[in-house]
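Before any comments, here is the structure.
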Amino acid sequence: MDKDSSQTLKRQRVYNVLKDNTARLHNEIWQDNGLGSAVWSNSHGSASYEKPGHHTLSFYLSGGQNTKRCLSGGDMFGGEDKLCLMPTDHRSQWSFADPFSFFHFYFEQKHLQNFAEQVFDKEGRHIELKECTFVDDPFVNQLVRQTMLQLDWESETDKLMMSHAQQMLLLHLVRRYCQLPLQLPQSQGGLSPQNQRLVIDFIESHLMQSFSLSDLATLAQLSEFHFARMFKVSFDCTPHQYVLSRRIARAKDLLQENILPLAEIADACGFSSQQHLSQQFKQRVGSTPAAFRKAQNRR
């Protein structure tokens, strides 16, 4: 990852206020394009934000009933599954009385502008997000809990899926929480045959390496969002699912050759560890790599 791009948001106040406060950081991931996600917990204290300079989505994973936003018109209390959206220029004060955990998604105004222009074909300079405090959002609930938190944030092989999930989250925020609602253009077709060959050749020659959704989209000269949509039309699966299936297929070939140890096979197929290979392999093949190799040797 480009260190400078990830540090940009880390220097902003929401992340830093929590880092310097009583909050505990459990996990974080920063994409090459500067999008960031983090999982925190806290139990007491307070926090104040004054025009933090970036947007923050906060989703409560557990607890939070005694977490409140202090407002002149009356305090508002949180709770599990509640969502807050804090735009770049907002001001807020919060206090915490009981243990709770929460997910944060950090993004800048430039991400919204680029999204409006590339995805919706609209002028992005004046796009604004609404400020929301403790609202329900089933889509965010499902995406965060069932997709984003299920990924291994330290694994390079899950980077594609995390990037795609963040794009879906941005799309949802733009469609639902913008001051002026935007409508998606009519659905496009799939990738051209030339772009399909470019992308597949790249994937096959880089299975043992880490690459991002942005890398693949750049090959096709498309935005990440449009690339992901068109890829799914062409291959009936997401880029992450396709890459993972190819890595599993490569692992099966190497297991049948019965030459390399499992750790080297994991490395050769782009998995972060032998354990990660075993987990993904068993989930999709139905047996562990060792059991698969043993069964092949009996034939």
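Residue 59 is where the sequence shown starts when you use the working numbering, and the numbers rise one by one after that.
A virtual CB, placed ideally from N, CA and C, is assigned to each residue, including glycine.
Remember, it's a predicted structure, so these values are computed and weren't measured experimentally.
Quiz item: What distance in whole Å lies between the Cβ atoms of S150 and Q118, which are believed to be in contact at a cut-off of 8 Å?
Solution: As a working mapping, residue 118 is identified with position 60 in the sequence shown. As a working mapping, residue 150 is identified with position 92 in the sequence shown. It is worth fixing the name first, because residue 118 is Tyr in this sequence and not Gln. Not really, about 15 Å apart at Cβ, beyond 8 Å.
Quiz item: Which same chain residues, not among the five before or five after A309, have their C-beta less than 7 Å away from its C-beta?
Solution: Position 251 of the sequence shown, counted from the start, is the residue given in the question as residue 309. Once the five neighbours on either side are set aside, the close Cβ partners of A309 are I323, C327, L335, F339, P347.
Exercise. Please confirm whether Q225 and A286 have their CB atoms less than 8 Å apart.
Key: Your numbering for residue 225 matches position 167 in the sequence shown. Your numbering for residue 286 matches position 228 in the sequence shown. In this structure, A286 lies closer than 8 Å to Q225 by Cβ.
Quiz prompt | Close-in-space but distant-in-sequence residues of the same chain around Q332 (CB under 6 Å, 5 per side omitted) | solution = As a working mapping, residue 332 is identified with position 274 in the sequence shown. L320, A321, A324, listed in sequence order.
Exercise. Look at the alpha carbon of S268 and the alpha carbon of S101, and state the distance between them as a whole number of angstroms.
Key: Position 210 of the sequence shown holds residue 268. Position 43 of the sequence shown holds residue 101. Here the alpha carbons of S101 and S268 stand approximately 37 Å from one another.
Quiz item: What's the gap between the Cα of D60 and the Cα of L318?
Solution: Taking the sequence shown and counting its residues from 1, the one referred to as residue 60 is at position 2. Taking the sequence shown and counting its residues from 1, the one referred to as residue 318 is at position 260. Here D60 scores only 44 on pLDDT, less than 50, and its place in the model should not be relied on; the value that follows carries that caveat. Our two residues, D60 and L318, have alpha carbons roughly 33 Å apart in a direct line.
Quiz item: What separation, rounded to the nearest whole angstrom, lies between the Cα atoms of A223 and K168?
Solution: Residue 223 sits at position 165 when you count from the first residue of the sequence shown. Residue 168 sits at position 110 when you count from the first residue of the sequence shown. In a straight line, the C-alpha of A223 is about 18 Å away from that of K168.
Quiz item: What are the start and end residues of each continuous beta strand (DSSP E) run of 3 or more residues lying completely inside the region 163-237, in chain order?
Solution: Whole beta strand (DSSP E) segments, 3+ residues: 190-194.
Quiz item: For the candidate residues L274, K352, L265, Y235, whose alpha-carbon lies nearest to that of L249?
Solution: For the purposes of this step, residue 249 is identified with residue 191 of the sequence shown, where counting begins at 1. Distances from the CA of L249 to each of L274, K352, L265, Y235 were compared; the closest alpha carbon is that of L274.
Practice problem: Could you tell me whether the Cβ atoms of L93 and F173 are closer together than 8 Å? | Solution: Residue numbering aside, residue 93 sits at position 35 when the sequence shown is read from its first letter. Residue numbering aside, residue 173 sits at position 115 when the sequence shown is read from its first letter. Contact flag unset, no.
Quiz item: When you compare each of W98, T114, S263, M288 to V301 by their alpha carbons, which one comes out closest?
Solution: As a working note, residue 301 is residue 243 in the sequence shown. V301 has its Cα closest to that of S263, out of W98, T114, S263, M288.
Self-check item: Between the CA atoms of F135 and F293 - distance to the nearest angstrom
Solution: Within the sequence shown, numbered from 1, the residue matching residue 293 stands at position 235. Within the sequence shown, numbered from 1, the residue matching residue 135 stands at position 77. Cα to Cα, F293 sits roughly 45 Å from F135.
Quiz item: Are there 16 or more other CB atoms within 10 angstroms of the CB of T215, so buried, or fewer, so exposed?
Solution: Counted from its first residue, the sequence shown places residue 215 at position 157. Classification for T215: buried.
Quiz item: According to the Cβ coordinates, are P145 and G121 closer than 8 Å?
Solution: In the sequence shown, the residue the question calls residue 145 occupies position 87. In the sequence shown, the residue the question calls residue 121 occupies position 63. No; because the gap between Cβ atoms is not below 8 Å, this pair is not in contact.
Practice problem: Report back the beta-carbon spacing between S95 and I87 to the nearest angstrom; my notes put them in contact at under 8 Å. | Solution: Residue numbering aside, residue 95 sits at position 37 when the sequence shown is read from its first letter. Residue numbering aside, residue 87 sits at position 29 when the sequence shown is read from its first letter. With 8 Å as the limit, S95 and I87 qualify as a contact, their Cβ atoms being about 5 Å apart.
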